[in-house]
Amino acid sequence: MLSFLFRRLVLLLPVLLMISIISFSLFYLSPGDPAEVLLTGPQGPPDPKAVEEFRAREGFNDPAHVLFIRWLYKVAQGDLGYSYTSGGKVSDAILDSFLPTLRLSLISLIISLLISIPLGILSAVRKGSAIDGLGLSLSLLGVSVPNFWLAYLLIILFALKLDILPVAGYGNGGDIEHLILPALTLGISAAAVTGRMMRTSMLEVMGQDYIVAARARGLPERSVVLKHALRNALLPVVTMVGLNFTYLLNGSAVVETVFAWPGIGSLMTRSIYSRDYPVILGCMLFLSLLTISLNLLIDICYRYCNPRLMHETGS
Amino acid sequence: MKQGVDLGFKLAILTIACLIFLAITASWIAPHDPEKAQPQLRLKNPSYEYPLGTDHLGRCIFSRIVFGIRVSLFIGLAVVLFSALLGMAMGLTAGYFGGLVDEAIMRVVDAFISFPSIFLALAVIGFLGSGIVNLMLSLILVDWTGYARLVRSSVLDLKGKEFLEAAISLGASDLYIMSRHILPNILPSLLVMATLSVGYVILGAASLSFLGLGVQPPTPEWGAMMNDARPFLRTHPLMMIFPGIAITTVVLAFNLLGEGIRVRLDPKSRAEGRYDFDR
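Sequences listed follow chains A and B, in order.
The numbering of the first sequence is my numbering, which starts it at 652 and goes up by one.
The numbering of the second sequence is my numbering, which starts it at 435 and goes up by one.
1. Write down the C-beta distance between Leu881 of chain A and Ile772 of chain A rounded to the nearest angstrom, noting that I regard them as a contact closer than 8 Å.
2. With a Cβ-Cβ cutoff of 8 Å, do Gly657 of chain B and Phe443 of chain B count as a contact?
3. Note down, in chain order, each residue of its chain lying with its Cβ closer than 7 Å to the Cβ of Phe809 of chain A, except the 5 sequence neighbours on either side.
4. Would you call the region 496-510 of chain B and the region 672-687 of chain B in contact, with 3 or more CB pairs under 8 Å?
5. Is the distance from the Cβ of Ile931 of chain A to the Cβ of Phe561 of chain B below 8 Å?
6. Would you call the region 535-553 of chain B and the region 609-623 of chain B in contact, with 3 or more CB pairs under 8 Å?
7. Less than 8 Å between the C-beta atoms of Asp577 of chain B and Val649 of chain B, yes or no?
8. Quick check on the DSSP output: the alpha helix (DSSP H) that includes Ile695 of chain B runs from which residue to which?
9. Compare the Cα-Cα distances from Leu667 of chain B to each of B:Asp467, B:Ser461, B:Arg696, B:Leu477 and report the closest residue.
10. Let me know if Gly707 of chain B comes out buried or exposed under the rule of 16 or more other beta-carbons within 10 Å of its beta-carbon.
11. Please confirm whether Thr908 of chain A has its beta-carbon closer than 8 Å to some beta-carbon of chain B.
12. By DSSP, does Tyr482 of chain B sit in helix, in strand, or in coil?
13. Let me know if Thr677 of chain B comes out buried or exposed under the rule of 16 or more other beta-carbons within 10 Å of its beta-carbon.
14. Starting from Thr488 of chain B, follow its DSSP beta bridges and name the residues at the other end.
15. What residues match up with Lys740 of chain A in a beta bridge as DSSP calls it?
16. Using a Cβ-Cβ cut-off of 6 Å (strictly less than) and excluding sequence neighbours within five positions of Gly933 of chain A, which residues of its own chain qualify?
17. Would you report the Cα separation of Asp710 of chain B and Met660 of chain B, rounded to the nearest angstrom?
18. In chain order, what are the residue ranges of uninterrupted alpha helix (DSSP H) at least 4 long that sit wholly in the region 554-642 of chain B?
19. Can you give me the Cβ contacts of Ser790 of chain A inside the same chain, cut-off strictly under 6 Å, excluding the 5 residues immediately before and after it?
20. Suppose the cutoff is 6 Å on Cβ atoms and the five residues either side in sequence are ignored; what does the same chain contact list for Ile951 of chain A look like?
21. According to a CB-to-CB cut-off of less than 7 Å, which residues of the region 677-688 of chain B neighbour chain A?
22. What residues in the region 786-808 of chain A have a beta carbon less than 8 Å from any beta carbon of chain B?
23. Output needed in chain order: residues of the region 559-588 of chain B with a Cβ under 8 Å from some Cβ in chain A.
24. Got a sec, what are the start and stop residues for the alpha helix (DSSP H) His716 of chain A sits in?
25. Which residues in the same chain have their Cβ closer than 7 Å to the Cβ of Ile559 of chain B, if we skip the five residues on either side of it in sequence?
26. Would Gly532 of chain B count as contacting chain A if we go by Cβ distances under 8 Å?
27. Using CA coordinates, which residue listed in A:Asp698, A:Thr736, A:Ala701, A:Tyr679 is at the minimum distance from Asp713 of chain A?
28. Are the CB atoms of Met853 of chain A and Ala775 of chain A nearer to each other than 8 Å?
29. Using only CA atoms, which one of A:Glu855, A:Gly822, A:Ser925 lies nearest to Pro887 of chain A?
30. Quick test of your reading: Thr488 of chain B and Leu507 of chain B, contact by CB under 8 Å. State the CB separation rounded to the nearest angstrom.
31. Using the three-state DSSP reduction, which class does Glu655 of chain B fall into: helix, strand or coil?
32. Report the residue from B:Leu617, B:Tyr634, B:Pro480, B:Glu469 whose alpha carbon sits nearest the alpha carbon of Ile574 of chain B.
33. Could you tell me which of B:Ser481, B:Arg696, B:Ala640 sits nearest to Pro797 of chain A, measuring between CA atoms?
34. Between the beta-carbon of Pro654 of chain B and the beta-carbon of Pro468 of chain B, is there less than 8 Å?
35. Residues in the same chain with beta-carbon distance under 6 Å from Ile766 of chain A, minus the five sequence neighbours each way, listed in chain order, please.
36. Which complete alpha helix (DSSP H) runs does the region 877-924 of chain A hold, if anything under 4 residues is left out?
Have a look at this one:
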């Protein structure tokens, strides 16, 4: 297990380097001059001389690779720089907005699992039936619907027509009333993907010899499905949770904006509108690191839950 | 179940044929100029003259949706074409030559997929600016990795096969082997993946345009139309609902088409479930 972990961590180093190169290149290629952006205030465009002075002082005139190495050195120490607009630390802005996103994602994750696991099992057990057909059609529809449109459909129904939930906002620290609609939107979209995975996984397990053996021993179908098949079919769910999470993170970019949810998706879009490059760059790095750590964590869990893999060194 | 996929496949072909027809004939089908603002006619309900009503600037929503087909199909097909070509070139090179080349290319791919896809697209647009060209570029950067991985693993599968060894021992050049022996073998799964991608790319483009970062007004684009509809949600929900139906129809059609092609061409395809784009 330890050697596996070590291998994985070492393999991550070149990827991390690539991530920073890609991020920094985009930042470097952006049109417009950060010095000019920083010095533009309410009084209008800045004095060209002041811009030149600022550039020289902050070292913006150095060649790209020097800038990159200097930047990487800072990032490695956890310093993501300062926001152009608020002047605050980028790392603070990201952490502040990540909490609401995490909150929303966790609730959406639960919703999506509550929908997709039972539906997946039912579809697999009754393969080829009307219920299976309905499940497949719904999941196909679910992945085809834009999530922001689904969000507005839910808003029109629950907030405007029935008037039982708020249209948008964070409420009192993200209370349940404000959480329901965004979580439902993301949960439904994610369930469309994972329901199908659950079905496939369940079908695969149902074809195994030990299921045939369990049936041959005369066990009731209920116990075959719930005790023997489900336990094994749930293994890929561990991977599913990870996939779901990235899916939810992706969805949050737009859905958070629709619901004015102060998460990392909103932060990202807001920073793009105000051309707040350090924040965009910070979000990119933070999210990619998050994805990488999550994938690693899932790999570890997966091996832990599946003893058959424990003795391999893994590749 | 088979019948369901079959029916879906036929419906999808029919729908896409209709869409292509509408895209070509948009200027004859659409009753009005999609970009012509008529302030005296703003926010009208559906009528004989304006089948789906008018928007906040008095533009015909039906005409805008019909012209929007052109924009969405163009973006979807062009992005998929370019990212498939890029991904294929990278995957072929990595898989065929192996070694250090493979390592280098695959680490780049790993880095790209470690960004949540829509955030990568957002960042590209955030740094390089909005507009249709950067929108397409951002979607290509998100999309190409899937093809690269698919092609690479297919090449690795093929590498040990006898027919390749025969070709190598006959002294065929690398380029000849790649184009004549490897490519025809991976085309089916590539086609499945590409078809399934079209829908997701269209969804991604609509999402970014909805945020005001993709196709810019006054060009009729469905995501942007929904962005326009936001302030009028309470009074004119239809303005929000119609473009959404259009997007869902197109994406659904391409997804069904992809499923159908897979069942026919490539039953054990690796292309399934690749997508986590929004997606």
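Each residue gets a CB set at the ideal place from its N, CA and C atoms; glycine is no exception.
As the structure is a computational prediction, the values presented were derived from the model and not from experiment.
Inspection of the coordinates gives the following:
1. Residue numbering aside, residue 881 of chain A sits at position 230 when the first sequence is read from its first letter. Residue numbering aside, residue 772 of chain A sits at position 121 when the first sequence is read from its first letter. About 7 Å; that satisfies the 8 Å criterion.
2. In the second sequence, the residue the question calls residue 657 of chain B occupies position 223. In the second sequence, the residue the question calls residue 443 of chain B occupies position 9. No, the Cβ-Cβ distance between Gly657 of chain B and Phe443 of chain B is not below 8 Å.
3. Here residue 809 of chain A refers to the residue found at position 158 when the first sequence is read from its first residue. Taken in chain order, the residues that qualify are Ile815, Leu816, Leu832.
4. yes
5. Within the first sequence, residue 931 of chain A is the residue found at index 280, counting from 1. Within the second sequence, residue 561 of chain B is the residue found at index 127, counting from 1. Taking 8 Å as the Cβ cut-off, Ile931 of chain A and Phe561 of chain B qualify as a contacting pair.
6. no
7. Here residue 577 of chain B is taken as the residue at index 143 of the second sequence, counted from 1. Here residue 649 of chain B is taken as the residue at index 215 of the second sequence, counted from 1. No. Outside cutoff.
8. Translated into the one-based positions of the second sequence, residue 695 of chain B becomes position 261. It spans 672-699 - the alpha helix (DSSP H) in which Ile695 of chain B sits, taken as one unbroken run.
9. One-based indexing of the second sequence puts residue 667 of chain B at position 233. Among B:Asp467, B:Ser461, B:Arg696, B:Leu477, the Cα nearest to that of Leu667 of chain B belongs to B:Leu477.
10. Mapped onto the second sequence, residue 707 of chain B falls at position 273. Model confidence at Gly707 of chain B stands at a pLDDT of 40, short of 50, so the residue's coordinates are unreliable and nothing is read from them.
11. As a first step, residue 908 of chain A must be located in the first sequence, where it is residue number 257. Yes - at least one Cβ of chain B is within 8 Å of the one on Thr908 of chain A.
12. Translated into the one-based positions of the second sequence, residue 482 of chain B becomes position 48. Three-state result, Tyr482 of chain B: coil.
13. For the purposes of this step, residue 677 of chain B is taken as residue 243 along the second sequence, with counting starting at 1. According to the sequence provided, residue 677 of chain B is Pro. The question's Thr does not apply to it. Pro677 of chain B should be labelled buried.
14. Taking the first residue of the second sequence as position 1, residue 488 of chain B is located at position 54. DSSP output for Thr488 of chain B lists B:Cys494 as bridge partner(s).
15. The residue you call residue 740 of chain A lines up with position 89 of the first sequence. In the DSSP output, where bridge partners are listed per residue, Lys740 of chain A has A:Tyr733.
16. Translated into the one-based positions of the first sequence, residue 933 of chain A becomes position 282. Answer for Gly933 of chain A: Leu731, Val741, Ile745, listed in chain order.
17. Start at 1 with the first residue of the second sequence, and residue 710 of chain B comes out as number 276. Start at 1 with the first residue of the second sequence, and residue 660 of chain B comes out as number 226. With a pLDDT of 31 at Asp710 of chain B, under the threshold of 50, the modelled position of that residue is not reliable, and the figure given next carries that caveat. Near 23 Å, if we compare the C-alpha coordinates of Met660 of chain B and Asp710 of chain B.
18. 566-593, 596-603
19. Taking the first residue of the first sequence as 1, we reach residue 790 of chain A at position 139. Correct list, in chain order: Ala843, Gly846, Arg847.
20. As a first step, residue 951 of chain A is located in the first sequence; it is residue number 300 there, counting from the start. Answer for Ile951 of chain A: no residue qualifies.
21. Gly678, Ile681, Thr682, Val685, Leu686
22. Leu787, Ser788, Leu791, Leu792, Val794, Ser795, Val796, Pro797, Asn798, Phe799, Trp800, Tyr803, Leu804, Ile806, Ile807
23. Ile559, Gly560, Phe561, Leu562, Gly563
24. On the first sequence, residue 716 of chain A is found 65 positions in, with the first residue counted as 1. Segment 715-727, the alpha helix (DSSP H) holding His716 of chain A.
25. Position 125 of the second sequence, counted from the first residue, corresponds to residue 559 of chain B. Excluding residues within five positions, the ones whose Cβ falls inside 7 Å are Asn568, Leu569, Ser572, Leu642, Leu647.
26. Here residue 532 of chain B refers to the residue found at position 98 when the second sequence is read from its first residue. False, the Cβ-Cβ gap to chain A never drops below 8 Å.
27. Here residue 713 of chain A refers to the residue found at position 62 of the first sequence. Checking every option, the nearest Cα to that of Asp713 of chain A belongs to A:Tyr679.
28. Within the first sequence, residue 853 of chain A is the residue found at index 202, counting from 1. Within the first sequence, residue 775 of chain A is the residue found at index 124, counting from 1. Going by C-beta atoms, Met853 of chain A is nearer than 8 Å to Ala775 of chain A.
29. To locate residue 887 of chain A, count along the first sequence from 1; it is residue 236. The shortest Cα separation from Pro887 of chain A among A:Glu855, A:Gly822, A:Ser925 belongs to A:Glu855.
30. Residue 488 of chain B sits at position 54 when you count from the first residue of the second sequence. Residue 507 of chain B sits at position 73 when you count from the first residue of the second sequence. Not really, about 24 Å apart at Cβ, beyond 8 Å.
31. Start at 1 with the first residue of the second sequence, and residue 655 of chain B comes out as number 221. Residue state, collapsed to three classes: coil.
32. Counting from one through the second sequence, the residue named residue 574 of chain B turns up at place 140. For Ile574 of chain B, the nearest C-alpha among the options comes from B:Tyr634.
33. Looking up residue 797 of chain A in the first sequence gives position 146. For Pro797 of chain A, the nearest C-alpha among the options comes from B:Ala640.
34. Indexing the second sequence from 1 puts residue 654 of chain B at position 220. Indexing the second sequence from 1 puts residue 468 of chain B at position 34. Yes, they are a contact pair.
35. Here residue 766 of chain A corresponds to residue number 115 of the first sequence, with the count starting at 1. Closer than 6 Å at Cβ, skipping near neighbours: Ala842.
36. 881-884, 886-909, 915-924
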